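What follows is a short report on a single structure.
Residue numbers (this note's numbering): 3 to 115.
Pasting the structure below:
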């Protein structure tokens, strides 16, 4: 995996208080969180593509990606998939360092409520 992405993942792991286990699956990182949540992180630097998903019981609860299939949204192609099927603009930029910091904050808020 890309060094800058790996550094961003390492920072997320060290700062997120809800991490219980970490798995480097070669093509993505899988981070186990409290209460059965999983965070899957995938980034391809050469394509400039990413996909990050918060999962519970094999269902995506939140998912961020930059696949170009929602051109009507602000901040295209960056968007957020919600558990109820809605898709919203995302504040992510495609920079793993900044994006994973935002995701850490979102997840900590999600898991603390």
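Virtual Cβ for every residue (Gly too), placed ideally from N, Cα, C.
Everything numeric in this text was worked out from a predicted model, so none of it was measured.
When rounded, the separation of the alpha-carbon atoms in residue 54 and residue 41 is 7 Å. For residue 57, same chain residues with a beta-carbon under 8 Å away, outside a window of 5 residues either side, are 39, 40, 41, 42 and 63 in chain order.
About 5 Å separates the beta carbons of residue 99 and residue 10, which is inside the 8 Å limit, making them a contact pair. Partner residues in the beta bridge of residue 34, as assigned by DSSP, are 23 and 40. Using a Cβ distance threshold of 8 Å, residue 106 and residue 22 do not count as a contacting pair. Look at the region 32 to 107 and you find these whole runs of beta strand (DSSP E), each 3 residues long or longer: 39 to 46, 51 to 58, 61 to 67, 81 to 84 and 89 to 91.
Pairing residue 76 with residue 91, the inter-Cα distance amounts to about 6 Å. Following the DSSP letters along the chain, one finds residue 17 inside the alpha helix (DSSP H) bounded by residues 5 to 17. Cβ-Cβ distances below 7 Å link residue 6 to 98 and 99 in the same chain, with the five nearest sequence neighbours on each side left out; the list follows chain order.
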